[in-house]
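Here the protein sequences line up with chains Z and B, keeping their order.
Mapping the first sequence onto the UniProt record's numbering, position 79 (from 1) lands on 79, and the numbers just tick up by one.
Mapping the second sequence onto the UniProt record's numbering, position 34 (from 1) lands on 34, and the numbers just tick up by one.
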Amino acid sequence: MMPLVHRLIFWETPVEIGTIIYSLGCFPTQADLHDFTAEVEEGHTGYIHLDKFLPVMTKVLLENKYPPIPEDLLLQAFEVLDKEKKGYLEPEDLTKYMTQEGDVFTQEEMDEMLTALVDHEKNLIYYKDLINLLTIDPDM
Amino acid sequence: MLNCTMKAAVLIQRWYRRYMARLEMRRRYTWNIFQSIEYAGEQDQLQVTLSTGFSVKTQNVTHLTLCPPDLISQLLDPVVDPWLDKETCYNLIAVPESYTGPRLSFPLSVSDTNTLLGAFKEQQTLHARYVLQLLYETKKLLKQMPNIIHLSTSYTKEITICGDLHGRLDDLLLIFYKNGLPSAETPYVFNGDFVDRGKKSVEVVMLLFAYLLLYPDYMHLNRGNHEDHIMNLRYGFTKEVMLKYKTHGREILQLFQDVFSLLPVATVIDGKILIVHGGISDQTDLDFLSTIERHKVSGSKHVLQVPFLDSLSSVPPPSPPQHEREWKQIVDILWSDPKTQEGCSANTFRGGGCYFGPDITQRLLLQHGLQLLIRSHECKQEGYELCHGGQVITIFSASNYYEEGSNRGAYIKVGRELVPRFYQYQVSRTTRKLTLTQRVRAAEGSALRALKEKLFTHRSELMSGFQQIYFFSGCVSVSEWAQVLESVLRLDLPWRTLRPHLACLAPDGSVEYQSCFEDMEPGIPLSQVTPNLAETLFRYRTDIGIIFNIIDKDHSGLISIEEFRHTWRLFSAHLGVDIDDRAIDDLARSIDFNKDGSIDFTEFLEAFRVVHKLDNKDQQLNGKMDGKFS
Numbered sequence: 001m002m003p004l005v006h007r008l009i010f011w012e013t014p015v016e017i018g019t020i021i022y023s024l025g026c027f028p029t030q031a032d033l034h035d036f037t038a039e040v041e042e043g044h045t046g047y048i049h050l051d052k053f054l055p056v057m058t059k060v061l062l063e064n065k066y067p068p069i070p071e072d073l074l075l076q077a078f079e080v081l082d083k084e085k086k087g088y089l090e091p092e093d094l095t096k097y098m099t100q101e102g103d104v105f106t107q108e109e110m111d112e113m114l115t116a117l118v119d120h121e122k123n124l125i126y127y128k129d130l131i132n133l134l135t136i137d138p139d140m
Numbered sequence: 001m002l003n004c005t006m007k008a009a010v011l012i013q014r015w016y017r018r019y020m021a022r023l024e025m026r027r028r029y030t031w032n033i034f035q036s037i038e039y040a041g042e043q044d045q046l047q048v049t050l051s052t053g054f055s056v057k058t059q060n061v062t063h064l065t066l067c068p069p070d071l072i073s074q075l076l077d078p079v080v081d082p083w084l085d086k087e088t089c090y091n092l093i094a095v096p097e098s099y100t101g102p103r104l105s106f107p108l109s110v111s112d113t114n115t116l117l118g119a120f121k122e123q124q125t126l127h128a129r130y131v132l133q134l135l136y137e138t139k140k141l142l143k144q145m146p147n148i149i150h151l152s153t154s155y156t157k158e159i160t161i162c163g164d165l166h167g168r169l170d171d172l173l174l175i176f177y178k179n180g181l182p183s184a185e186t187p188y189v190f191n192g193d194f195v196d197r198g199k200k201s202v203e204v205v206m207l208l209f210a211y212l213l214l215y216p217d218y219m220h221l222n223r224g225n226h227e228d229h230i231m232n233l234r235y236g237f238t239k240e241v242m243l244k245y246k247t248h249g250r251e252i253l254q255l256f257q258d259v260f261s262l263l264p265v266a267t268v269i270d271g272k273i274l275i276v277h278g279g280i281s282d283q284t285d286l287d288f289l290s291t292i293e294r295h296k297v298s299g300s301k302h303v304l305q306v307p308f309l310d311s312l313s314s315v316p317p318p319s320p321p322q323h324e325r326e327w328k329q330i331v332d333i334l335w336s337d338p339k340t341q342e343g344c345s346a347n348t349f350r351g352g353g354c355y356f357g358p359d360i361t362q363r364l365l366l367q368h369g370l371q372l373l374i375r376s377h378e379c380k381q382e383g384y385e386l387c388h389g390g391q392v393i394t395i396f397s398a399s400n401y402y403e404e405g406s407n408r409g410a411y412i413k414v415g416r417e418l419v420p421r422f423y424q425y426q427v428s429r430t431t432r433k434l435t436l437t438q439r440v441r442a443a444e445g446s447a448l449r450a451l452k453e454k455l456f457t458h459r460s461e462l463m464s465g466f467q468q469i470y471f472f473s474g475c476v477s478v479s480e481w482a483q484v485l486e487s488v489l490r491l492d493l494p495w496r497t498l499r500p501h502l503a504c505l506a507p508d509g510s511v512e513y514q515s516c517f518e519d520m521e522p523g524i525p526l527s528q529v530t531p532n533l534a535e536t537l538f539r540y541r542t543d544i545g546i547i548f549n550i551i552d553k554d555h556s557g558l559i560s561i562e563e564f565r566h567t568w569r570l571f572s573a574h575l576g577v578d579i580d581d582r583a584i585d586d587l588a589r590s591i592d593f594n595k596d597g598s599i600d601f602t603e604f605l606e607a608f609r610v611v612h613k614l615d616n617k618d619q620q621l622n623g624k625m626d627g628k629f630s
């Protein structure tokens, strides 16, 4: 079922383009986001006009350009990082991976991720439970 | 292996960023829902309260004698009662020996304000006698003040400016704790909306007035749109006063209205910074504003000089242009909101005041040699927000306004250099720090409940809209569904995004529109009540409750069937609900559970509370489910 591009809410405070694209059900990489932005940005203002955004975004959706990550693939990814197959990750290890590998996180993103994912009593990240809990999301 | 690790990391990062983006969207539309319902509620209020007033000029005297009009008109119509102008209003009230609350001595000293602070922290209630005396003294003081107060930073250190408090005592105490109590070294401006919504409006306003009496040169209060008897009726202040002061509630409310109408409407610092509660319009003229007799002009967006319409007349009396001009000046100041678009247009969301653009701001500032406009009136996530190129600052001081964790509160400090500095805070009720997920989820749950109730209480209109489309096309698409919702509810919300929370889809992708109403039901089975009537009762339940409380002179919790009938006839006439007398009689009789000719209105109101069928299940999922708008 193709999601329709819904009416974007006009907010007084600006919203990041990545936020919008993600919330439309897409999973672009950072490189994808850079390419997308380059196509629609108004010069180097940092702002994007709705008129320019809509056709490009519609195309992305119709082509399913940034398909979602299936849950089991996500689980596998965590298992790759969990080398000893303990069923959990230590915060330090996750931090190392997230801030040094791939599309690295900023300190702020890392802090928020740890707050959200770490089991406060054991100070560990039980990723199997998290995948279930955090992917409960209504379909667009 | 390394390659695998990198791929795994990229995948997790992508998933997590997407998750955070979804959370941000949910947070934003939750915010939208709260704000839309809040402002729409204020508009509804217009319709209801106009219909419940009693005209002074009625020809239908017979109707008036059936109901006790004196106390209602006294409450709803801010006419000065000469008795309340005399000291006897409080002098004759004895404070019993057994009273353990704070005792005040006038003129107030620092020990009195300290006593009040300590007492309120201990959850104590100030005796009615002291409330009345404090209000009486405040009224005397405010009568001497002009509409616009001019302050100077050359005599003081920095001036602290606070925004809406809405009865949040914890926030006020936190501000005093962080910033210091009002004094010569720490002067304050409080920019309106001290009462309504929060549970400690009385305490908040008592403290503010006490400090005003103690330090009239260092404590300054601007009037807000909630310093108004009509808003108070709907948004909780009236109810709070009546609950806390069963015997003297009415006199206290009357005196509050007098005091509110005497509050100054604007403050200017060093001739450069203008502070008003709402905003401005293209008609705002500070010179004209300073000439108005402010206590004679109602701050209500809809009230002209004769506050109420007779129940059977449909034409409001015409008002002379001068009065209307004055009224508009005040209403614009108390109700307007800034917008990014240029120009000035009617504020349709609020139902009063204007939307003003950066050009309007620029023009006014230039006209009066000002450089900054500080206003409040709108909740902001960070407690403050700049707009119009930094020429307008919104300052809001009630943290967690919509929901636990919804927003910070803030205050501004300005010194001689007139550069504003912002200080933020957040009152925390839980010791355990909630994650962003938990906070968003709790707030979202609360907002969606309120929204679903809106749908439920507008069921007939919505269903007829859906059925029309269904009749012609055999299905209702998501777009059409969204259109119907917007045309009936007028909340300007992202309906398509919200659809998954509100309605199910059929296999063919069309909306099963009946599913919108499935998980809600009335408090008691209402087989004998027509749907029209039932819905109206659901919608205006809070207002009806307040009116009943006012009618119930002896606080027995009971009103007579006759009183019920009369009140209801007034309501239905103005709400355009076509209910005949028999339907009302049937309703009255069915609610008269004891069959003794009187109605326990608490039970009555319980029947018209919307019950969410999935409450238990939701509670498990979300942890906290407190209906904010019930």
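All C-beta atoms, glycine included, are put in the ideal place defined by N, C-alpha and C.
Residue burial classification, residue i (beta-carbon count within 10 angstroms, cutoff 16)
i	result
Y177(B)	exposed
N232(B)	buried
F34(B)	buried
N91(B)	exposed
H49(Z)	exposed
L75(B)	Low confidence applies to L75(B): its pLDDT is 42, below 50, so where it sits in the model is not reliable, and the reading given next is rough at best. By the neighbour-count rule (16 or more Cβ atoms within 10 Å), L75(B) is buried.
R582(B)	exposed
E378(B)	buried
P102(B)	buried
Q341(B)	exposed
Q133(B)	buried
V414(B)	buried
N400(B)	buried
Partners in chain Z for residue i, counting only beta-carbon separations shorter than 7 Å
i	result
Q13(B)	M98, G102, D103, F105
R18(B)	Y22, F27
Own chain partners of residue i with C-beta closer than 7 Å, once the 5 adjacent residues on each side are dropped
i	result
Q30(Z)	D103
L130(Z)	L117
Chain-ordered neighbours of residue i on chain Z, where CB pairs are closer than 9 Å
i	result
L436(B)	E112, T115, A116
A8(B)	Q76, A77, F78, E79, V80, L81, Y97, E101, G102
Cutoff 8 Å: residue i Cβ touching any chain Z Cβ
i	result
C504(B)	no
R439(B)	no
A447(B)	no
E521(B)	no
E518(B)	no
M25(B)	yes
G623(B)	Any answer about G623(B) is weak, because its pLDDT of 35 lies below 50 and its placement is not dependable; what the coordinates show is given next. No, because no Cβ of chain Z sits closer than 8 Å to the Cβ of G623(B).
Contact set between residue i and chain B, taken where Cβ atoms lie within less than 7 Å
i	result
I69(Z)	L11, R14, W15
is_contact[residue i, chain D] using C-beta, thresh 8 Å
i	result
V80(Z)	Among the protein chains of the structure shown, namely Z and B, there is no chain D.
Which of helix, strand or coil DSSP assigns to residue i
i	result
Q424(B)	strand
Y47(Z)	coil
I584(B)	helix
G474(B)	coil
R375(B)	strand
K452(B)	helix
V131(B)	helix
P146(B)	coil
L117(B)	helix
V195(B)	coil
P182(B)	coil
I93(B)	coil
A266(B)	strand
C26(Z)	coil
A506(B)	coil
A410(B)	strand
Test: residue i CB closer than 8 Å to a CB of chain B
i	result
L62(Z)	no
G18(Z)	yes
A77(Z)	yes
Where residue i meets chain B, residues with beta-carbon distance less than 8 Å
i	result
L73(Z)	L11
Chain Z residues whose Cβ lies nearer than 8 Å to that of residue i
i	result
C4(B)	V80
Cβ shell of residue i (< 6 Å), same chain only, five flanking positions each side left out
i	result
L451(B)	I33
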